[in-house]
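Accompanying notes for the structure given below.
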Amino acid sequence: MSKLERKKIVIAGGGTSGWLAAAALSKQLSSIFDVVLIESDDIGTIGVGEATIPTVRVFHKLLGISEQEFVRETNATFKLGINFENWRVKGESYFHSFGKTGKDSYLAGFQHFWLYGREQGLVDTYGDYCFEFKCALNDKFATSEKANINYAYHLDAGKYAQYLRKLSEKNNAQRIEGKISAVNIDPESGNITSLTLDSGQNVEGDLFIDCTGFKALLIEDALKTGYEDWSHWLPCDRAWAVQTTLADKLPPYTRAIAHESGWQWRIPLQNRAGNGLVFSTKFMDESTAKDKLIQSVDGELTSEPRLIKFLTGRRSKVWNKNCVALGLSSGFIEPLESTSIHLFMTGIIRLLRLLPNSNISEANVEEYNKQTATEIERIRDFIVLHYHVNERDDSDFWRYLSNMEIPESLKHRIELFEQSANVFESEFDVFQIDSWVQVLLGQGVLPKQYHPSVKAMQVPELDKFLNSYKQSVEAAVQKMPKHKDFISHYR
Ligand SMILES: Cc1cc2nc3c(=O)[nH]c(=O)nc-3n(C[C@H](O)[C@H](O)[C@H](O)COP(=O)(O)OP(=O)(O)OC[C@H]3O[C@@H](n4cnc5c(N)ncnc54)[C@H](O)[C@@H]3O)c2cc1C
């Protein structure tokens, strides 16, 4: 980056990732950098990506977003977790909630007490001890500044990008409409010098952020960075997406319904529902998948089904030369746990922290790439867990998944839980102990033993502890309003 002039960051692409980057960079750095975003109205955005995880709220705080305004502007609803239907076996479901389940001791997490209780015939569902799960089950939700509830949102992706654009332009980010037709590279350094648009305009910059989606125009087309393919672990490679009218109920959670060659999502917004069918073309053809989606949605179709193709994996280096890939251009893990928007956000925060001053330092770039790779690999393992540990024997898809070799890192986590009910948390883990326990149990990994310390509690004492916790959860849920009523009042 040149030393003397005001520096310029050029963002290529105006989908969710591009406008998130523009909003954050313009908010934090507009006194030092010019922030320019190029997007093409003709190409448009992918238009999916409507479920989030709780970290989105932290990022919104960084942007100074008012939650009520955001809920109004994006037709958002609240999300307390995901209901996984037909995953372990057909006809059964389990819930991955964002809340804390039960109470831990210093030595042992709550799962150890629950397993002890289970052995004594004292417990039923693991989620009985989680406020967020019980709220979700009863379609209840409320929040306030001081509320102790962990949640995320469902949002309209198109409206979200427009909302972020407004915030960015308020902070002087400049938008240029046009199609990028060439990425110009300095032959000596290999750095990108400018982007040429169809109109002939040349947009120069110091740092370029590739938010061009799956096209990856800068990081791949121009810089030939490379991509690590994970489709042998996550074979789904297509989704049909369609919008429908809303059913009567407004559940504060996403539904993820497994089928014989993938799964389906149902995302309720204030005014409509988002639906999609994710599948693997190795096991189901496109037209069967489309019919399956149309036949199974609730409500009337309000849009034409759209086919989206993808390849699960990660860009070998998300920061290469003076280009940082954010969004789908940086890699993609299918949307089962709604992690993409989260990854865009952590990518932006990491960039803000490791931003170069006068020159791009190789050590900075290496650190950025290392942290990003670790984070996405941990998420990959968590997603693979949902598929690999299953007892479905009704299709080649599920048989392939349960028999495949899995990453060593995941194998270790499963064995640890199976043998001792232990789960650990490492740096850059997005999903914490509570999440792993719920999914491990939900997919059918039942630990052979639990921590010895919990036996210090006599059975009557354990019964009292479990019951009083469960009752306190139920009493708190009773006081909550319906999700639908809360939204009408809140917006
Ligand atoms: C099936 C599916 C479901 C998903 N569900 C979720 C979910 O529930 N939760 C979640 O967090 N994420 C989800 N995602 C990820 C989701 O796509 C992203 O969240 C996001 O909405 C899109 O990311 P993007 O901004 O990187 O790309 P895009 O939306 O594709 O934006 C690309 C931008 O680049 C521009 N562009 C491209 N080429 C050019 C050019 N030549 N010149 C100028 N501009 C150009 C386009 O016009 C556009 O503005 C899902 C993804 C898929 C595929």
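The numbering used here applies: residue 77 is where the sequence shown begins, and numbers increase by one.
Just so it is clear, CB atoms sit at the ideal spot from N, CA and C, and this is done for glycine as well.
Tell me whether Phe135 counts as near ligand 1, meaning its Cβ is closer than 6 angstroms to at least one heavy atom of that ligand.
no
Look up Ala401 in the DSSP assignment and say whether it is helix, strand or coil.
strand
Bridge-paired residues (DSSP) for Leu271
Val259, Val279
Report the option in Thr450, Glu481, Glu453, Ala332 whose CA atom is closest to the CA atom of Val465.
Minimum Cα distance to Val465 is reached at Glu481.
When every heavy atom of ligand 3 is checked, does at least one fall within less than 6 angstroms of the C-beta of Gly91?
The ligand content of the structure shown is limited to ligand 1, which means ligand 3 is not among them.
Does Gly407 pass the burial test, meaning 16 or more other C-beta atoms within 10 Å, or should it be called exposed?
buried
Please tell me whether Gln319 and Val112 are closer than 7 angstroms, where the distance is taken between their beta carbons.
No, they are not a contact pair.
6 angstroms CB neighbourhood of Ile87 in its chain, flanking five on each side removed:
Gly94, Ala97, Ala98, Leu113, Ile285, Cys287
Run the CB neighbour count on Val441, radius 10 Å, all protein chains shown included, and call it buried at 16 or more, exposed below.
buried
Any heavy atom of ligand 1 within a distance shorter than 6 angstroms of the CB on Gly403?
yes
Got a sec, what are the start and stop residues for the alpha helix (DSSP H) Ile563 sits in?
559-566
Whose C-alpha, out of Ser564, His565, Lys558, Phe109, is nearest the C-alpha of Phe217?
Ranking the options by Cα distance to Phe217, first place goes to Lys558.
Does the separation of the CB atoms of Leu326 and Gln340 fall below 7 angstroms?
no
Closest residue to Lys84 among Gly281, Asp180, Gly120 (Cα-Cα distance)
Gly281
Cut-off 7 angstroms between Cβ atoms - residues of its own chain near Ser106, not counting five sequence neighbours on either side
Asn247, Asn248
In three-state DSSP terms, what is Glu336?
Coil at Glu336, not helix or strand.
Identify whether Ala292 lies in helix, strand or coil by the three-state DSSP scheme.
When secondary structure is reduced to three states using DSSP, Ala292 falls in the coil class, being assigned neither helix nor strand.
Just tell me which of Ile225, Glu264, Gly289 has its CA closest to the CA of Glu115.
Gly289
How about Gly175 and Glu143: are their beta carbons less than 7 angstroms apart?
no
CB of Phe386 to nearest heavy atom of ligand 1: below 6 angstroms?
yes
What separation, rounded to the nearest whole angstrom, lies between the Cα atoms of Met472 and Ala365?
The identity of residue 472 in the sequence shown is Asp, whereas the question assumes Met. The alpha-carbon atoms of Asp472 and Ala365 are separated by roughly 16 angstroms.
Determine the extent of the alpha helix (DSSP H) in which Phe189 is found, giving its start and end residues.
186-195
DSSP has Trp341 in a bridge; who is on the other side?
Ala332, Gly352
Relative to the C-alpha of Tyr205, which residue among Phe541, Lys291, Gly338 is closest?
Closest in alpha carbon position to Tyr205, among Phe541, Lys291, Gly338, is Phe541.
What residues match up with Val112 in a beta bridge as DSSP calls it?
Val86, Gln250
Is Val530 near Phe189, with beta carbons less than 7 angstroms apart?
yes
Any non-hydrogen atom of ligand 1 closer than 6 angstroms to Ser414 Cβ:
yes
Arg454 - DSSP class collapsed to helix/strand/coil
helix
For Ala237, is the classification buried or exposed, using 16 other Cβ atoms within 10 angstroms of its Cβ as the cut-off for buried?
Buried.
Let me know the secondary structure DSSP gives Lys385 once reduced to three states.
Three-state result, Lys385: strand.
So, for Tyr545: in the same chain, excluding its five sequence neighbours on each side, which residues have a beta-carbon less than 8 angstroms away from its beta-carbon?
Annotation for Tyr545: Gly178, Lys179, Tyr205 place their beta carbon closer than 8 angstroms to its own, counting only its chain and skipping 5 residues before and after.
Whole angstroms is fine: what's the gap from Ala100's alpha carbon to Asp200's?
45 angstroms
Lys210 beta carbon less than 7 angstroms from that of Val549:
yes
Return the bridge partner residues of Trp316 from the DSSP annotation.
Leu353, Leu383
Which of helix, strand or coil DSSP assigns to Asp305
strand
Would you identify the three-state DSSP class for Thr92, choosing helix, strand or coil?
Under the three-state reduction of DSSP, Thr92 is assigned to helix.
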